[in-house]
Each structure stands twice: as C-alpha cells, then as structure tokens.
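Q: Every position in the sequence shown, counted from 1, becomes a number in our numbering once 399 is added.
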Amino acid sequence: MKKFYVFSHEHDTIYQYTLSPAWDVSTATYADKSKDVNAQDSTPLSITFKPDGTKMYMVGSSNDRIYQYTLSTIWDMSTASYDSIYKYVGDQDTAPYGVTFKPDGSKMYMVGSQHDTVYQYDLSTLWDVSTATYDYKFKNVNSEDTFPADVTFKPDGSKMYMVGGSNDTVYQYALSTIWDVSTASYDSIYKYVGDQDTAPYGVAFKPDGTKVYILGLNTDTVYQYTLIAPPPAWEVDTAVYEDKYKYIGSEHSSPYGLFINPDGTKMYFVGGDIVFQYTLSTAWEIDTAVYDEKYKDVGNEARYPYYLFFKSDGTKMYIVDQDTQKVFQYALSTPWDVETAVYEDKYKSIIEIAEYPYGLFFRADGLKMYVNKYSAPAKIFQYTLSTAWSVDTATYDNKYKDVNSEDANTRGTFFKPDGTKMYTFGKDTRRAFQYALSTPWEVDTAVYEDKFKYTGDQDGYPVGIFFKPDGGKMYSIGSTTDRVYQYYLVPPAEFEYTGTGTFTYSGTAIVTIGFAYSGIGELTYSGAAFYPIIKFLKATLSIDANKTELSIEANKSELSIYANESELSIEANKSELSIYANESELSIEE
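1) Check each candidate in Lys725, Lys745, Lys715 and Val842 and name the one with the smallest Cα separation from Glu738.
2) Restricting to runs no shorter than 3 residues, where is the beta strand (DSSP E) found entirely within the stretch 486-563?
3) For the structure I just gave you, are there three or more beta carbon pairs, one from the stretch 715-734 and one from the stretch 753-772, closer than 8 Å?
4) Unbroken beta strand (DSSP E) runs of length 3 or more, entirely within the stretch 666-717: which are they?
5) Could you tell me whether the Cβ atoms of Lys645 and Ser581 are closer together than 7 Å?
6) Rounded to a whole number of angstroms, what is the C-alpha to C-alpha distance between Thr907 and Ser441?
7) Pull up the distance between the alpha-carbon of Gly870 and that of Asn539, whole angstroms please.
8) Does the beta-carbon distance from Ile685 to Lys643 come in below 7 Å?
9) So what's Asp736 in DSSP terms, helix, strand or just coil?
10) Does the distance from the C-beta atom of Asp515 to that of Thr545 stay below 7 Å?
11) Would you mind reading off the limits of the beta strand (DSSP E) that contains Leu784?
12) Quick check: is any heavy atom of the ligand FMN less than 6 Å from the C-beta of Val802?
13) Under a Cβ-count criterion, where at least 16 other Cβ atoms within 10 Å of its own Cβ denotes burial, should Arg702 be classed as buried or exposed?
14) For Asn462, I'd like the list of residues in its chain whose CB is within less than 7 Å of its CB, leaving aside the five on either flank, ordered along the chain.
15) Alpha carbon to alpha carbon, how far is Ile866 from Lys432?
16) Sort out for me which residues DSSP pairs Gln833 with in a bridge.
17) Whole angstroms is fine: what's the gap from Ala751's alpha carbon to Leu470's?
18) So, at 6 Å on beta carbons, what are the nonlocal neighbours of Trp633 in its own chain, with the 5 sequence-adjacent residues on each side left out?
19) Considering only the beta carbon of each residue, do Thr493 and Gln519 sit closer than 7 Å?
20) Just the Cα atoms here: how many angstroms apart are Ser652 and Tyr853?
21) Are the Cβ atoms of Asp801 and Pro776 separated by less than 7 Å?
22) Does the Cβ of Gly656 have 16 or more other Cβ atoms within 10 Å, making it buried, or fewer, making it exposed?
23) Considering only residues of the same chain and omitting the five flanking positions on each side of Ser804, which have a CB-CB separation below 8 Å?
24) In angstroms, rounded to a whole number, what distance separates the CA positions of Asp503 and Asp712?
25) Which word fits Ala638, buried or exposed, when buried means at least 16 other C-beta atoms lie within 10 angstroms of its C-beta?
26) Measuring only the C-alpha atoms, how far is Pro704 from Ile779?
27) Rounding to the nearest angstrom, what Cα-Cα distance links Phe448 and Met476 in this structure?
28) Might you give, ordered along the chain, the residues of its own chain that have their beta carbon closer than 6 Å to the beta carbon of Gly648, omitting 5 neighbours on each side?
29) Taking the alpha-carbon positions, what's the Pro839 to Gly859 distance?
30) Looking only at C-alpha atoms, which of Trp788, Ile749, Tyr782 and Val770 sits nearest to Glu743?
31) Closest to Ile1013 by C-alpha separation, out of Pro661, Ser529 and Val562, would be which residue?
32) Whole angstroms are fine: how far does the CA of Thr828 sit from the CA of Met507?
33) Report the CB separation of Ile465 from Val528 in whole angstroms; it is logged as a contact under 8 Å.
34) Excluding five sequence neighbours on each side, which residues of the same chain lie with their C-beta closer than 6 Å to the C-beta of Ala793?
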C-alpha cells in the first residue's frame with residue numbers, strides 16, 4: 400500500500416496520502432489531493448476501491464446510498480468523477496456505515512447500524528452498483544457489538560472482520576460457504592483497539608493478512624497493527640489424520656484420482672471408466688460426502704481413465720487415460736454437474752513423453768498442464784497450452800522432474816496455488832512427498848524438501864492426493880480400503896497476544912508458541928504476560944495469570960508444556976505428555 404485515503408465528516412471530503420515505504424502509516428504524507436463528495440451526500444461515512452484503482456465507492460448516510468466514481472488516473476483521488484450511479488440501501492438499513500466488495504466485483508456487502516447487520520448484494524454487471532440487488536442474505540452482529548461501523552473480508556472469502564464502535568473492537572467471523580455472509584459465525588476472536596481510539600470507524604487489512612489498520616474518529620488518526628506471521632501451512636510433514644473418511648466402494652471397488660471443487664462442496668473420483676460425483680453438506684469435511692447418483696461414462700474415449708481434473712469454474716473436465724495415453728477434454732453445460740459433460744473432440748496425446756500416466760494437474764489459468772509417468776524412472780512432465788484450457792493446444796515444454804529417488808511408482812500430482820510447492824504420492828513407500836520450486840510452476844526447478852507424510856496406516860495403496868486451497872487440509876484416496884481420507888495440516892495463526900489484558904480464541908487446530916496461537920479448541924487468557932509452549936490437537940486450554948493454573952482436556956494429543964510455579968490439571972486420552980515444571984502441582988489422569 401503506497402497510498403491511503405481518509406474521509407472527513409466535517410468537510411465531506413476524501414483526502415489522499417502517500418506512504419514511503421509502503422504499508423507503513425507512520426510515513427504517510429498528505430498528497431494535496433482530495434475529492435469533495437458533498438454534491439452526492441452530506442454525510443460520507445466510508446469508502447472502498449476497485450482493486451485496480453479505477454473505481455471508488457462511497458457510503459452516504461444522509462441518502463442511504465452507495466455512490467460510484469471513476470478515477471481517470473488510477474488511485475489519484477483528484478481525478479475522481481461521479482458516475483451518476485448509486486445503489487439505494489435504505490430498504491435494508493437506514494444507517495449504512497461501511498461497504499466492501501468481493502475482489503471480482505460480483506458481490507457487495509454493506510454494514511448498517513440500524514439493525515446491526517451485514518447485508519449481501521449481487522451485481523449483475525461487475526463493479527456497477529446500479530445493478531446490485533439484495534441477495535436476502537445477511538449476518539446480524541448485534542451479539543458482538545451494537546454499533547458496527549465497517550466490514551471487510553479475507554481475500555478468499557473465508558473470513559469476515561467487523562469493527563464495532565460500542566466496544567471499540569475488531570471481531571472475526573468464519574464463513575462456512577465462502578462469500579456467503581449468511582453462513583458467517585463468530586470465531587470468538589477479537590482485538591480491542593480502545594486503548595488507541597474509542598470511536599473506531601474503519602478497518603482494512605494488508606492483503607497478506609500481516610497488518611490491520613484502524614481509523615479512529617476521536618483522535619483523527621489511522622492506527623497500524625501487526626498480526627503474527629503465520630506458521631507454515633502446506634507443510635506435508637505436519638499432516639495429522641483426523642479420523643475422518645468417506646467410503647466410496649459402494650460406487651466402485653477400485654477408485655483412482657480425486658478432485659474437490661474450490662468451495663469444498665463437490666467431490667469426484669474415477670472408477671473403471673466412470674466419473675462419480677458427491678456433495679459435501681459441510682464444506683471440506685469428507686465424512687459429510689453423499690453420492691449424488693450422478694456420473695459420467697467416459698468409456699467411449701478412455702479405457703483406463705485413472706485421473707481427472709476440472710476447470711476452476713466447473714465448466715470443463717479433463718481425463719487422462721493410461722490405455723490411449725491421451726488427455727481428453729469435456730464441456731459441462733451445468734458447472735460441476737458431471738451428467739452434463741460432453742466430449743469436445745479435443746485431446747492431447749502424451750505417449751511419446753509421459754507414457755503410463757498416473758496423474759494430472761492444471762495451473763489455475765489453464766495455461767500449464769502437468770502429467771505423471773508412474774513407472775521407473777518416475778517423472779512429472781510439464782506442458783504449455785497456447786489457448787487456456789484447450790488441451791489440444793498443449794505442447795511439451797521439455798521440462799520434467801525426476802521423482803524416482805523418492806518413489807519409483809508415483810500416483811497423482813498437486814501444486815500449491817502459487818506454484819512454489821509440488822506434492823506427489825509414492826505407492827511403494829505410501830508417502831506423500833513435498834518439493835519446493837525455486838521458479839514457480841517450472842517443474843524442472845523442483846527440489847525434494849525431505850518432507851513427507853506416511854499414510855500407510857490408513858491405506859496401503861494410495862492413488863491420489865488433493866489439498867484444500869489454503870493448505871490446511873490434505874486428502875488421499877486409497878484403492879485398498881476404497882476410502883477418501885482427510886488430514887489436518889498446521890494452519891496460519893490469526894492474532895498474537897503477548898501482553899496484559901484479555902485474549903479469547905476459538906478456532907480450528909492448535910499450535911501455540913509464546914502465545915502465537917491457532918487451533919481446534921478454545922483458549923482464554925487474562926492477567927500478566929505468560930509464555931507457554933504448547934502443541935496439541937483437538938483440545939481445550941484455559942490460562943489465568945502468572946504462576947498459572949492450566950486445565951487441559953485433550954484427545955489424541957501431543958503436549959509439551961513449560962511452566963514455573965504452576966498448577967497443572969490434565970485429562971488426556973492416547974496422549975504423549977512432556978511436562979517441565981518447577982515447584983508445580985501436577986494432577987494427570989490418562
């Protein structure tokens with residue numbers, strides 16, 4: 400962020416500042432650029448921008464409208480001109496305070512203090528607020544704060560953040576369906592900012608989630624906060640089996656390949672020459688998958704179709720066939736509905752390069768394709784598509800990664816969304832292996848990181864690998880047990896607390912190091928600073944003050960606790976406990 404913008408109630412004007420270096424508000428200087436919006440509304444309360452800086456949107460409370468402006472010079476406030484386009488939101492709330500958009504401009508969210516609610520709108524024309532229609536989806540936040548002043552979202556739509564003026568606090572919510580505000584639930588995570596300003600009116604995050612900015616009305620100041628650098632997600636050696644699986648043998652007793660759609664609600668696998676489709680009632684929870692009674696027979700094209708992949712919008716499907724050694728392309732008239740798939744008479748022959756293919760992956764833009772060769776020497780080959788998602792335009796890049804040293808019989812390939820990590824399964828070793836790419840998406844730059852996850856305890860014949868987009872979950876498909884298994888990887892922490900005061904958390908998985916915390920379970924803390932080192936899964940932890948009392952209930956956990964003059968009470972099942980204490984009272988029940 401090299402620029403930031405502040406609105407003035409007193410002057411009905413938006414002012415522009417320049418930051419050097421970027422993202423450091425203490426370096427902000429006024430750029431002598433502003434925009435008077437009084438002609439539209441005498442009570443401007445909030446602004447937001449289109450990501451490319453060509454559009455600005457302003458909430459006007461006098462007329463209960465959201466106004467749209469065009470910047471002829473991107474990010475230059477002085478060039479903003481009113482588009483004579485607005486959206487009236489008074490039918491939902493007559494006290495609108497904040498507005499934000501989905502990054503692609505297809506959805507708009509407004510928070511209003513009349514009903515203490517965040518409202519969701521659909522835009523039929525991207526970024527055109529005059530086309531916004533109320534989606535009849537909302538989230539009431541009154542239980543957290545009776546004066547919500549602004550709202551923003553994590554870039555992937557999985558988290559929502561609201562700043563409340565009643566309690567001077569930023570609150571965090573999780574959306575079980577991304578970008579659907581009606582599925583938001585309070586995470587019991589918050590940050591009190593009243594020590595800086597008792598009238599916080601605006602909130603914004605740095606896109607990588609490492610900084611948050613609060614606009615304080617009482618002090619007329621923008622405050623900057625640092626969030627903890629996240630622990631490493633996408634590290635396969637941190638994977639823990641969650642005791643969750645889906646049996647798919649009723650549909651086919653020799654499953655191959657695995658694909659889950661981007662929002663985690665649809666799952667697909669190949670059995671014989673059939674693609675089977677499932678719905679997950681809870682996104683990304685594999686044990687909630689139910690067969691849709693829908694399938695696609697690809698036998699006319701492929702005799703041994705072992706792996707599949709979908710375009711990110713669900714309108715295309717790809718099958719790699721071991722018999723013909725071709726990648727076939729299908730079009731779905733209804734996205735994600737395999738029954739509507741039709742072969743497009745497009746394919747790519749890979750027989751000269753990747754004979755006996757046992758894996759298929761596409762880059763998100765559809766311009767790169769990767770195919771496994773499973774037999775020794777096992778390799779992963781790279782192709783470029785001159786026309787995105789049109790497989791018949793693929794040409795071999797003369798680039799590959801030899802993975803034979805890890806396993807001579809690899810099954811499936813998956814990449815981290817930024818192309819910096821690659822994963823594959825080894826059938827012989829029953830391990831998921833991890834590689835780092837020094838040049839993103841260039842497979843010949845991949846280097847094995849000496850990191851793996853052994854999955855043989857679940858299935859002796861792993862034949863597919865898949866990850867949740869945030870790297871927090873891994874899935875494997877096993878051909879011996881005919882099951883899809885779910886694993887949990889160390890996720891990013893959300894907030895850091897290392898001082899006095901009160902801190903509460905409830906989330907999904909736990910890694911706590913000096914109060915850098917994220918996890919499945921609940922943590923409450925009050926009193927003087929305390930720095931435990933704790934690593935556990937599926938547990939509840941409460942901490943109170945220095946010379947601390949700990950109460951822990953854990954199942955299948957690994958605990959490492961360092962305490963001085965503490966009272967510890969632990970109940971554990973199937974746990975590994977390592978406790979280092981001095982002058983402590985210990986009570987352990989196993």
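For each residue, glycine too, the CB sits at the ideal point set by N, CA and C.
Remember, it's a predicted structure, so these values are computed and weren't measured experimentally.
A: For this structure:
1) As a first step, residue 738 must be located in the sequence shown, where it is residue number 339. When each option's Cα is compared against that of Glu738, the closest is Lys715.
2) 495-500, 506-511, 516-522, 531-539, 547-552 and 558-563
3) yes
4) 673-679, 688-696 and 704-709
5) Along the sequence shown, read from residue 1 onward, the residue named residue 645 stands at position 246. Along the sequence shown, read from residue 1 onward, the residue named residue 581 stands at position 182. No, they are not a contact pair.
6) Counting from one through the sequence shown, the residue named residue 907 turns up at place 508. Counting from one through the sequence shown, the residue named residue 441 turns up at place 42. Summary for Thr907: the model assigns pLDDT 33, below 50, so the residue's position carries little reliability; its value from the coordinates is reported in the next sentence. Straight-line Cα distance between these residues: approximately 44 Å.
7) Residue 870 sits at position 471 when you count from the first residue of the sequence shown. Residue 539 sits at position 140 when you count from the first residue of the sequence shown. One C-alpha to the other measures close to 30 Å.
8) Walking along the sequence shown from the start, residue 685 turns up at place 286. Walking along the sequence shown from the start, residue 643 turns up at place 244. For Ile685 and Lys643, yes; Cβs fall inside 7 Å.
9) One-based indexing of the sequence shown puts residue 736 at position 337. Correct three-state label for Asp736: coil.
10) Position 116 of the sequence shown holds residue 515. Position 146 of the sequence shown holds residue 545. Cβ distance < 7 Å, so Asp515 and Thr545 count as in contact.
11) Taking the sequence shown and counting its residues from 1, the one referred to as residue 784 is at position 385. First-last of the beta strand (DSSP E) with Leu784: Lys778 to Leu784.
12) With respect to the ligand FMN, the structure shown offers nothing to examine, as it has no ligands at all.
13) Locating residue 702 in the sequence shown gives position 303, counting from the first residue. Answer is exposed; the Cβ neighbour count stays below 16.
14) For the purposes of this step, residue 462 is taken as residue 63 along the sequence shown, with counting starting at 1. Excluding positions up to five away in sequence, the list reads Asp440.
15) Start at 1 with the first residue of the sequence shown, and residue 866 comes out as number 467. Start at 1 with the first residue of the sequence shown, and residue 432 comes out as number 33. At residue 866 the sequence reads Phe, which differs from the Ile that was named. Taking the straight line from one Cα to the other gives about 46 Å.
16) Translated into positions along the sequence shown, residue 833 becomes position 434. Partner(s): Tyr822 and Lys850.
17) If you number the sequence shown from 1, residue 751 lands on position 352. If you number the sequence shown from 1, residue 470 lands on position 71. It should be pointed out that residue 751 corresponds to Glu in this sequence rather than to Ala. Using only the alpha carbons, I get a separation of about 53 Å.
18) Here the question's residue 633 lines up with position 234 in the sequence shown. Excluding residues within five positions, the ones whose Cβ falls inside 6 Å are Lys815, Lys820 and Gly870.
19) Along the sequence shown, one-based indexing puts residue 493 at 94. Along the sequence shown, one-based indexing puts residue 519 at 120. No; because the gap between Cβ atoms is not below 7 Å, this pair is not in contact.
20) Within the sequence shown, residue 652 is the residue found at index 253, counting from 1. Within the sequence shown, residue 853 is the residue found at index 454, counting from 1. Computed Cα separation, rounded: 23 Å.
21) As a position in the sequence shown, residue 801 is number 402, starting the count at 1. As a position in the sequence shown, residue 776 is number 377, starting the count at 1. Against a cut-off of 7 Å, the Cβ pair of Pro776 and Asp801 comes out as a contact.
22) In the sequence shown, the residue the question calls residue 656 occupies position 257. When all chains shown are included, Gly656 counts as buried.
23) Within the sequence shown, the letter at position 405 stands for residue 804. Taken in chain order, the residues that qualify are Tyr847.
24) Mapped onto the sequence shown, residue 503 falls at position 104. Mapped onto the sequence shown, residue 712 falls at position 313. C-alpha separation (whole angstroms): 14 Å.
25) Counting from one through the sequence shown, the residue named residue 638 turns up at place 239. It counts as buried.
26) As a working note, residue 704 is residue 305 in the sequence shown. As a working note, residue 779 is residue 380 in the sequence shown. The straight-line gap from Cα to Cα measures roughly 18 Å.
27) Residue 448 sits at position 49 when you count from the first residue of the sequence shown. Residue 476 sits at position 77 when you count from the first residue of the sequence shown. Each residue's Cα considered, the two are about 11 Å apart.
28) Position 249 of the sequence shown holds residue 648. Asp881.
29) Locating residue 839 in the sequence shown gives position 440, counting from the first residue. Locating residue 859 in the sequence shown gives position 460, counting from the first residue. Spanning the two alpha carbons is a distance of roughly 32 Å.
30) The residue given as residue 743 occupies position 344 in the sequence shown. Nearest C-alpha to Glu743: Trp788.
31) Because the chain in this structure spans residues 400 to 989, residue 1013 falls outside the shown range and cannot be described.
32) Locating residue 507 in the sequence shown gives position 108, where the first residue counts as 1. Locating residue 828 in the sequence shown gives position 429, where the first residue counts as 1. Going by the C-alpha atoms only, they are around 49 Å apart.
33) As a working mapping, residue 465 is identified with position 66 in the sequence shown. As a working mapping, residue 528 is identified with position 129 in the sequence shown. Indeed, because the Cβ distance is near 5 Å, the residues count as touching under 8 Å.
34) Position 394 of the sequence shown, counted from the first residue, corresponds to residue 793. Only Lys747, Met768, Tyr782 and Leu784 meet the Cβ criterion.
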